[in-house]
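Student: Take a look at this one; I'll ask things after.
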Amino acid sequence: MTRAYDRLTRQLVAALESRLKCQRAAPVPEAGRLLWTAFHELSRGRSWQQLGPLPIAMVEIQAWAELARLPLQHRHVRVILALDEAFLDHAHAAAPPKGVKLAPQISRHGITAALFDLAVD
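All residue numbers for the sequence shown refer to this note's numbering, where the first residue is 4 and numbers rise by one.
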């Protein structure tokens, strides 16, 4: 990758990490706006398992690019994968340590007929 794409990748990853940590959001560089949007659209459709999110597959990136009719080059895919790696690192860091069981989340509010209707409809 060229130095410009390395710099753009670092800037996009920094913007993502600042948003994930709920800090003052680093700006998204205008040059990376399309790749930022691509990552978010791909991430929205990502698969999850019991232990957290799964990585975005290359096949999903290819399918998204074909649907969006965008000719992504290898360097573009590497930027998207770098964003995905930062997202996965954050998600796995927030997970409990291996072997530690968490109690299931239980609502403090009792269920009412209206609440049940909202959940079912």
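The C-beta atom is built at its ideal place from N, Cα and C for all residues, glycine as well.
This one's a predicted model, so the numbers in the text were calculated from it and none came from an experiment.
Going along the chain, which residues of its own chain have a beta-carbon closer than 7 Å to the beta-carbon of tryptophan 67, five neighbours each way excluded?
Tutor: Only Ala41, Glu44, Leu45 meet the Cβ criterion.
Student: Report yes or no: is there a C-beta of chain D within less than 7 Å of the C-beta of isoleucine 109?
Tutor: The question asks about chain D, but that chain is absent: this structure has only one protein chain.
Student: Cβ of histidine 93 within 6 Å of any heavy atom in the ligand MG?
Tutor: As for the ligand MG, it is missing from this structure, which has no ligand bound.
Student: Going straight from the alpha carbon of glutamate 60 to that of serine 50, what length do you get?
Tutor: Residue identity differs from the one stated: residue 60 is alanine in this sequence, not glutamate. So the alpha carbons of these two residues sit roughly 10 Å apart.
Student: Mapping DSSP to helix, strand and coil, what is glycine 48?
Tutor: Coil at glycine 48, not helix or strand.
Student: Going by DSSP, which residues form a beta bridge with glycine 55?
Tutor: Gln52, per the DSSP bridge assignment.
Student: Enumerate, from N- to C-terminal direction, the unbroken alpha helix (DSSP H) stretches of 4 or more residues contained entirely within the region 70–123.
Tutor: As far as the region 70–123 is concerned, its whole alpha helix (DSSP H) runs of at least 4 residues are 77–97, 116–123.
Student: Using 8 Å as the Cβ pair cut-off and three pairs as the minimum, do the region 113–123 and the region 74–87 touch?
Tutor: No, they do not touch.
Student: My assumption, with CB atoms under 8 Å, is that phenylalanine 70 sits in contact with tryptophan 39. Please give the rounded CB distance.
Tutor: A small fix is needed here, since residue 70 is leucine in this sequence, not phenylalanine. About 18 Å separates the two Cβ atoms, so there is no contact after all.
Student: Compute the distance between the beta-carbons of alanine 89 and glutamate 20, then report whether it is under 7 Å.
Tutor: Yes; because the gap between Cβ atoms is below 7 Å, this pair is in contact.
Student: Could you tell me the alpha carbon to alpha carbon distance between aspartate 9 and isoleucine 114, rounded to whole angstroms?
Tutor: Answer to the nearest angstrom: the Cα atoms are 52 Å apart.
Student: Could you check what DSSP says for threonine 5 in three-state terms: helix, strand or coil?
Tutor: Threonine 5 falls in the coil class under three-state DSSP.
Student: With DSSP run on the structure shown, which of helix, strand or coil describes arginine 36?
Tutor: Arginine 36: helix per DSSP, three-state reduction.
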